[in-house]
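Using our numbering, you'd call the opening residue of the sequence shown number 2 and step up by one each time.
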Amino acid sequence: MAFSKVLKYTDENGFEDQKLKSLEKNLREAHNREIDAYKLLEKFNHTDVPFTKVYGLKPFASESDLKGFIIMEYIPDIFTTSMAETLFADDLIPTIKGVSTFAALGHKLSDDEKSVAVCGGYLEGYFNTFLGPASIESTFQNLSQALSFLEPSKAEKLVEVYRHYLKILNKFTKISEILGFHQIFNHGDLWQSNMLYKTGSEGKLELKAIIDWQGLSLLPPAFDMTRLFIGCLSPEDRRQRAPELLKIFHETFVHVLGEELFSYQEVYDSYNLHFPLMSLMVLPGMVQFLDAPHLEEPEKSALKMRTMKNMEAIMEDVFVAHEYNLKNYANFIKE
């Protein structure tokens, strides 16, 4: 409940009882899904998909079961960061190759083995849980206030775009049926805290593990990349290097699978189609860094300036992606 208040996903009372019951069910399912994901990671045991060693697992066996756990190794001296800090594009390449390799290996599994993942309805499930009708208006109001350093028309336009995409959430659930996009394994929650890095020689980051696989889903290519690039790259790196990084994702998948299941164009289009909604997952969480009471000057002002720059850039990139989608996928985007 405290988390929901910080991100302004709910009203002043936090989650209502009915939503808490739904969240309880979702959390049990997420825990059990992560257990299944770690079993797959151990089965694949691929050097390009680093993960923490697991010593013990217990799923929730029923609704009344109150004990579930995952006991895993502790990795000391990791590079610590937050969603307020960006990473260099080159440092993300091992993660990109890792999730792409995992997706390709997962594609070789039987349909029954793939059933451990959420299929299709990830975005509807997410927004119905955290941004339902009771809280969406407060979320938009909070974003508009946070973007008050810009022309009011820009924030209004952003909210208008968000409303549009929220109205067609069901189309994203059926995107494979409507557009023929292939469904592959996606991590589902790829951001700074779910990638464990250590600082290696010459200050270069070395990926030690990709963690928190609760969101494992069967989704179109580049779903993970959209979340990763919005949340982790500087505006300059995202704009200049996104096509290159998406090609690395595509080429890795083709190499590991041994055939081209989907084209690079499908990856690129998936990236743009998902960009607006994925940005709505990121922006509300950035608002807290505009006023960081835990910091002193000049660090506090520096963080505020970086956050303002990143938020404005994400907003502008939402507009670019939306225009691309209107031009190339008008029927899909139509309400």
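Built from N, CA and C at the ideal position, the CB exists for glycine as well.
Check your understanding: How many Å lie between residue 61 and residue 335 at the Cα?
Key -> Distance from the CA atom of residue 61 to the CA atom of residue 335, rounded to whole angstroms, is 41 Å.
Check your understanding: Between the Cα of residue 59 and the Cα atoms of 172, 70, 65 and 53, which residue gives the shortest distance?
Key -> Closest by alpha carbon: 70.
Exercise for review: Please confirm if the region 35-47 is in contact with the region 96-112, defined as three or more CB-CB distances below 8 Å between the two stretches.
Suggested key: Contact annotation: the region 35-47 touches the region 96-112, with at least three C-beta pairs closer than 8 Å.
Review point. Under a three-way DSSP split, which group does residue 116 fall into?
Key: Three-state DSSP puts residue 116 in coil, outside helix and strand.
Exercise for review: Could you check the C-alpha separation between residue 148 and residue 291 for me, to the nearest Å?
Suggested key: Approximately 10 Å, taken between the alpha carbons.
**Study point:** Neighbourhood of residue 79 by C-beta, 8 Å cutoff - its chain only, sequence neighbours within 5 removed
**Key:** Taken in chain order, the residues that qualify are 197, 198, 199 and 209.
Review point. For residue 29, which option in 49, 75, 74 and 65 has the closest C-alpha, if you only look at C-alpha atoms?
Key: For the set 49, 75, 74 and 65, the Cα lying nearest the Cα of residue 29 is the one of 65.
**Study point:** For residue 229, the three-state DSSP class (helix, strand or coil)
**Key:** Residue state, collapsed to three classes: helix.
Review point. Can you tell which of 286, 41, 94 and 236 has the C-alpha that lies nearest to the C-alpha of residue 113?
Key: The candidate whose alpha carbon is nearest that of residue 113 is 41.
Practice item. Would you list the one or two residues that DSSP bridges to residue 173? Key: Per DSSP, none; premise fails for residue 173.
Practice item. Quick one: using the 10 Å Cβ neighbour count with 16 as the cut-off for buried, is residue 231 buried or exposed? Key: Result: buried.
Practice item. Report the option in 245, 89 and 260 whose CA atom is closest to the CA atom of residue 269. Key: Of 245, 89 and 260, the residue nearest in Cα terms is 245.
Check your understanding: Is the region 232-243 touching the region 133-153 in the sense that three or more CB pairs, one from each, lie closer than 8 Å?
Key -> With the cut-off at 8 Å, the region 133-153 and the region 232-243 do not touch.
**Study point:** Continuous alpha helix (DSSP H) stretch holding residue 98: start and end
**Key:** Per DSSP, residue 98 is one residue of the alpha helix (DSSP H) stretching across 90-108.
Point to revise | Nearest candidate by alpha-carbon position, reference residue 180, set 248, 90 and 266 | key: The candidate whose alpha carbon is nearest that of residue 180 is 266.
Check your understanding: Based on Cα-Cα distance, which residue from 250, 273 and 272 lies nearest to residue 262?
Key -> Closest option to residue 262, Cα to Cα, is 250.
Review point. Which residue's Cα is closest to the Cα of residue 229: 260, 237 and 279?
Key: The shortest Cα separation from residue 229 among 260, 237 and 279 belongs to 279.
Exercise for review: Work out the CA separation of residue 119 and residue 98 for me, nearest whole Å.
Suggested key: Looking at the backbone, the Cα of residue 98 and that of residue 119 are separated by about 22 Å.
Practice item. Would you mind working out which of 82, 90, 183 and 36 sits nearest residue 264, comparing C-alpha positions? Key: Closest in alpha carbon position to residue 264, among 82, 90, 183 and 36, is 183.
**Study point:** Whole-number beta carbon distance between residue 213 and residue 187, since they are thought to touch under 8 Å
**Key:** So it is not a contact: roughly 13 Å between Cβ atoms.
Review point. How big is the Cα-Cα spacing for residue 260 and residue 175?
Key: Between residue 260 and residue 175, the alpha-carbon positions lie close to 25 Å from each other.
Practice item. Can you tell me which of the three DSSP states residue 325 falls into? Key: In the structure shown, residue 325 falls within a helical segment according to DSSP collapsed to helix, strand and coil.
Practice item. List the endpoints of the continuous alpha helix (DSSP H) containing residue 332. Key: Its alpha helix (DSSP H) spans residues 331-334.
Check your understanding: Going by other Cβ atoms of all chains shown within 10 Å of its Cβ, with 16 needed for buried, is residue 322 buried or exposed?
Key -> Burial state of residue 322 is buried, judged by a 10 Å Cβ sphere holding 16 or more other Cβ atoms.
Exercise for review: Measure the alpha-carbon distance for residue 165 versus residue 86 and round it to whole angstroms.
Suggested key: So the two alpha carbons sit approximately 29 Å from each other.
Check your understanding: residue 207 by DSSP, collapsed to three states: which one?
Key -> Three-state result, residue 207: strand.
Review point. Short check: CB of residue 132 to CB of residue 140, under 7 Å?
Key: For the pair residue 132 and residue 140, the CB atoms are nearer than the 7 Å cut-off.
Check your understanding: Can you round the beta-carbon distance between residue 53 and residue 35 to whole angstroms, since I take them to be within the 8 Å contact cut?
Key -> About 11 Å separates the CB atoms of residue 53 and residue 35; that is not less than 8 Å, and the two are not in contact.
Practice item. Report buried or exposed for residue 215, applying the criterion of at least 16 other Cβ atoms within 10 angstroms of its Cβ. Key: Buried is the call here.
Practice item. Following the continuous alpha helix (DSSP H) through residue 282, name the residue where it begins and the one where it ends. Key: Run containing residue 282: 265-287, per the alpha helix (DSSP H) assignment.
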